[in-house]
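Heads up, the thing below is written out as structure tokens.
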Amino acid sequence: MTLPSEQERKERIDRGIKIRSDSIYAMMSHRELSYLTLPRLILIVGMLMIPLVIPSMYWQRVFTISCIYALLAISFDFLAHYVGLVSLGGAFFVGTGGYLAAIANTSLGLPPWLTVPLATLVGGGLCTLLLLPCLPLRGVYFAIVSLMYPLFLARVIEALDILGGTDGIMGIDSFPNHWVEQYFIICILLLILFGARRLVNMDIGLVLRGVKDNDQAIRASGISVTFYKSVAVFIASAMGCLSGACLVHIYMWSGISQFALDFSIIPIAATVIGGGGTLVGPLLGCLILVPISELLRDFGTLRIVFYALILVAFIIFRSEGIMVYGQRKYHQFERWIKY
Amino acid sequence: MSKEPILKVSGISKSFGGIKALNDVSFDVHAGEILGIIGPNGSGKTTVVNCITGFVKKSSGHVFFRGKDISRKPPHKIADMGVTRTFQIMRPYYSLPAYKNLVVPLFSPRAKRTGGWRGGGRLGDRNTVGIDILEEIGFERDSYVPYKLAATLPTGYLKRLELARCLALKPEIIICDEIFSGLSMSEIASMVPLIERLQMDGITLIMIEHRLRELFRVTDRIMVLNFGKKLMEGHPKTVMANEAVKAAYFGSQTVQEVMDHA
Amino acid sequence: MEILIYGTINSVALALYALGFAMVYGVSRLPNFAHGALYVLSGFITWSFLNSLGLNYLISILLAMLATGLIGALIYQFVLIRVRGMEISEIMASYAIGLAILEGLRWGGFKGMTYTLPAFISGSTEIAGIPVDYQRLLVVGIGIAVVGLLWLFTRYTRIGLALRGMAQDERAAMMLGIDSDLMAVTAMGFGSMLAALAAVLLLPLGNIVVESGYNILILAIAVCIVGGLGSWMGAVLAAFLIGFAQILTVVYLGSHFQMVVALAAIILTLIIKPSGLFGRQKELEERV
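Below, the structure written as structure tokens:
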């Protein structure tokens, strides 16, 4: 590696493939075609293959849980980097979805393939409704209020001793078998990932990005900021509720710990590490963080310390995250040139 | 031209924590005309725009658009009715190419209703419509300019982009907040015919300006604001001959005398 | 009467929790989510000085306050200053640091009921027939004194005035030759010391437990939000509001609801009037 001297600077050049320019499709050769499709293919095939190559049930379960966290992380990334609402309350979505699925399963006797979509839609609507009054808030204020929602609900459940109180709701049906469980979650994750990427590049996605950067101009364009914020919150909270619903069916138990900070913090840490604003980054971050945290389980609470320090280090030294770094390396040449 | 004014502003006031930014300002705007609003810095011109378009809550007073009270409506509802504005400090979506900037207003309910810019009926692909509007407003279609990121565009184009955002809504009124300021003489020279053409297309314009010479070329009615109060209103010539206006601009009298005169 | 006395004590305690948080936010716009962790940390530092090193109680308290102040300042100087102005990164970084401190303490074996600080003066008295121990009276006395001293400090000393200048308009303060980074570090140091002060005053009333770090943080945020972020006097008033509300709910509904009140206060304030009772943020924002 060349060390930068004072006369040199780093130059970055886009790779000469037209495919990256916005609406011009110039697929000239297999090379260009694979340049575009290979990363996506690796992701899809890789995700589908992982359960087959992992031998132990235990690590397969860890992988499934990682995928659930990834869903949450994508929902966080979508809200934070495309709509500008930094929600520190992922646990709020998980808890709502989880409890709804649990109630639907135990009280109404619905099977998992009904409770999951039900919890997703109803939960998304419920969360949106509850967050509606907070939508005009910005920055720190929204972050704080969203952080407080799950804590509030947990304390209310504890204080009123409803929904099973501190014991939670037990005896929830599991998925038919662990292959169904795994592939169901992986497929949903991939669908949502590509769906979300598609969404943010559609016209409505441009509006949402506008809400983030420039809400005054959105208003001046005759578009209701609150409406599009609530649409985005519905999408994100539905994702969160979906993950919560899957979680209770995996653990066969729903309790206040679903409102715990873990579900708010880990997705955020994963997003920071994986690279915010890419939507794939959070997935990558979760696939790294959750297994590491499993490996460190023996160390007790030290793993949280470890976690927190990684997060701090990434925020400070590599705030762009792994994925943004990787994308840059993939799309651009870098070289040192003389002035 | 109907006798009923298209926009009627009656007695609006606004104070920011004790400072009266606007004090009982009333005026009418008739369909198809260009009204100029001038005044020294801090006289409340931009606040007038903000109050009409709902970006700032009025302390008191009413605004009527086509006889309908729009005083209490939120900004997007007012824009949806066809009263649009530009921002003095331009607010494009910096991370998007210029033509993509127009996809957002074209996505609005009003644009969907009216069918985009002269599209008539069905709305085409928003990118195409966006480029059409940009061409109308002086972005050369075949050059690279409409495809550049808004962040890299010079001020002149950003001002045009502000106008284009209004046009995408097929507006009835455009309120231009200092659309000439910060532009070079040649840029202004090419902007003036644009404004004239908008008027010919039947759009009513309110122009807040510091560049009096260019403003007087396009408008025949001027309102002068000073210290949040309406000083006077009338033909440019009579306005400029007025002693109080001269005083407000050139400070030949003390502040107190101006206030007395007003 | 009981409500009045215990409400006052609780309110002063809340004000003590929140002052440090309010100070840091007021000066450097940093929502210091490590506040609760610093509070607990200083408790354990005092305990260690007292029991492991066998120092005099007063000396260990002073040393602990200094140490906590230093730790706070160092955290700011080496970590948080790099994300200055990026609110969300600030929240996440400070929260992660707080998490690391708290869970580190838990891992280090500081858990359970064994860690207590002795009261300054033991014993109790009766006010209007209600037994109140001396430590609680001391909390009220010192709490009021601290608020008073802080008021004098920010009005009559150079550093205090500089801090207030920063709080009102950072750029203008910089133009007047105030080193904004240095002041932010100072504020963080003072804020941490205030957290430590609250800890040594209030911890003798109970055990030092890691979990309380999270609750203290929520209470501090609740007080500051209700009072208006960045307004110190608002925080003091809000402390009384929430303090009495908590005591009333404890008396009439049960102790489970104590935290529910604080959380509800945060959510309701943010929904109804985000600027809080005394905040000016919103009004300035309205000027497009």
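Residue numbers (numbering that gives the first Met the number 0), protein chains in the order written: chain A, 0 to 338; chain B, 0 to 261; chain C, 0 to 287.
Idealized CB from N, CA, C, for every residue including glycine.
C-alpha distance - Ile-266 of chain C paired with Ser-14 of chain B, whole-angstrom precision
29 Å
Considering only residues of the segment 214 to 242 of chain C, which uninterrupted alpha helix (DSSP H) runs meet the minimum length of 4 residues and lie entirely inside it, listed in chain order?
none
Alpha helix (DSSP H) segments (min. 4 residues) lying fully within the segment 46 to 119 of chain C
56 to 77, 86 to 106
Classify Ala-21 of chain C as buried or exposed, calling it buried when 16 or more other Cβ atoms lie within 10 Å of its own Cβ.
buried
Between the CA atoms of Ala-264 of chain C and Arg-317 of chain A - distance to the nearest angstrom
37 Å
Mind pulling the chain C residues with CB within less than 7 Å of Arg-218 of chain A?
Residues of chain C passing the Cβ test: none, with the nearest at roughly 10 Å.
Measuring straight from C-alpha to C-alpha, what distance separates Gly-167 of chain A and Val-93 of chain A?
14 Å
Please state the DSSP three-state secondary structure of Gly-115 of chain B.
Below a pLDDT of 50, predicted positions are generally treated as unreliable, and Gly-115 of chain B, at 47, falls in that range; the measurement from the model is reported next regardless. If DSSP states are grouped into helix, strand and coil, Gly-115 of chain B belongs with coil.
Please say whether Leu-202 of chain C and Gly-103 of chain C have beta carbons closer to each other than 7 Å?
no
From Tyr-329 of chain A to Arg-154 of chain A, what distance separates their C-alpha atoms?
47 Å
Tell me which residue opens and which closes the beta strand (DSSP E) that Leu-230 of chain B is part of.
228 to 233
Please name the residue or residues paired with Pro-130 of chain C in a DSSP beta bridge.
C:Glu-125
For Leu-228 of chain C and Ser-274 of chain C, I'd like the C-alpha separation in whole angstroms.
7 Å
How would you list, in chain order, the residues of chain B whose beta-carbon sits under 7 Å from the beta-carbon of Ile-234 of chain A?
By Cβ distance, chain B contributes nothing, its closest Cβ being about 17 Å from Ile-234 of chain A, past 7 Å.
So, with DSSP's three-state summary, where would you put Met-173 of chain C?
helix
When you compare only the Cα positions, how much space is there between Leu-198 of chain C and Ala-12 of chain C?
With the sequence shown as reference, residue 198 of chain C is identified as Ala, and Leu is not the correct amino acid for it. Ala-198 of chain C and Ala-12 of chain C: Cα-Cα distance of roughly 10 Å.
Kindly list, in the order they appear in chain B, the residues whose Cβ is closer than 8 Å to that of Gly-280 of chain A.
The premise fails here: Gly-280 of chain A is roughly 18 Å from chain B at the closest Cβ pair, so nothing lies under 8 Å.
Name, going along the chain, the residues of the segment 121 to 149 of chain A whose beta-carbon falls closer than 9 Å to a beta-carbon of chain C.
Pro-132, Cys-133, Pro-135, Leu-136, Arg-137, Gly-138, Val-139, Tyr-140, Phe-141, Ala-142, Ile-143, Val-144, Leu-146, Met-147, Tyr-148
Can you list the residues of chain A that Phe-189 of chain C reaches, using a CB-CB cut of under 8 Å?
What Phe-189 of chain C touches in chain A: nothing, since even the nearest Cβ is about 21 Å away.
For Val-179 of chain A, count the other beta carbons within 10 Å of its own beta carbon; 16 or more makes it buried, fewer makes it exposed. Which is it?
exposed
Lys-19 of chain B vs Gly-181 of chain B beta-carbon contact at 7 Å
no
Going by C-alpha to C-alpha distance, which of A:Ile-49, A:Ala-79, A:Phe-305 sits closest to Ala-99 of chain C?
A:Phe-305
Report yes or no: do the segment 70 to 86 of chain B and the segment 49 to 60 of chain B share at least 3 C-beta pairs separated by less than 8 Å?
yes
Apply the 10 Å Cβ neighbour rule to Val-52 of chain A and answer buried if 16 or more other Cβ atoms are within range, or exposed otherwise.
exposed
Nearest to Leu-109 of chain A by CA position, among A:Ala-259, A:Leu-260, A:Ala-244, is which residue?
A:Ala-244
For Arg-334 of chain A, the residue or residues it bridges with in DSSP:
A:Glu-10
Contacts of Ser-173 of chain A in chain B (Cβ-Cβ under 9 Å):
Within chain B, no residue comes near Ser-173 of chain A; the closest Cβ sits about 44 Å away, beyond 9 Å.
Within this structure, are the beta carbons of Tyr-75 of chain C and Met-187 of chain C separated by less than 7 Å?
yes
Taking all protein chains shown into account, do 16 or more other C-beta atoms lie within 10 angstroms of the C-beta of Pro-54 of chain A, making it buried, or fewer, making it exposed?
exposed
Which same chain residues, not among the five before or five after Ala-237 of chain A, have their C-beta less than 6 Å away from its C-beta?
Thr-119, Gly-123
Checking the sheet assignment: what are the DSSP bridge partners for Thr-203 of chain B?
B:Ile-172
Contact set for Tyr-93 of chain B: own chain, Cβ-Cβ below 8 Å, skip 5 residues either direction
Leu-148, Ala-149, Ala-150
Report yes if the CB atom of Phe-141 of chain A is closer than 7 Å to the CB atom of Leu-84 of chain A, and no otherwise.
yes
Across the segment 97 to 106 of chain B and the segment 158 to 165 of chain B, are there enough close Cβ pairs to call them in contact, namely three or more that are closer than 8 Å?
yes
Test item: CB-CB of Ile-171 of chain A and Val-247 of chain A under 7 Å:
yes
Would you be able to state if there are at least three C-beta pairs under 8 Å between the segment 162 to 179 of chain C and the segment 0 to 18 of chain C?
no
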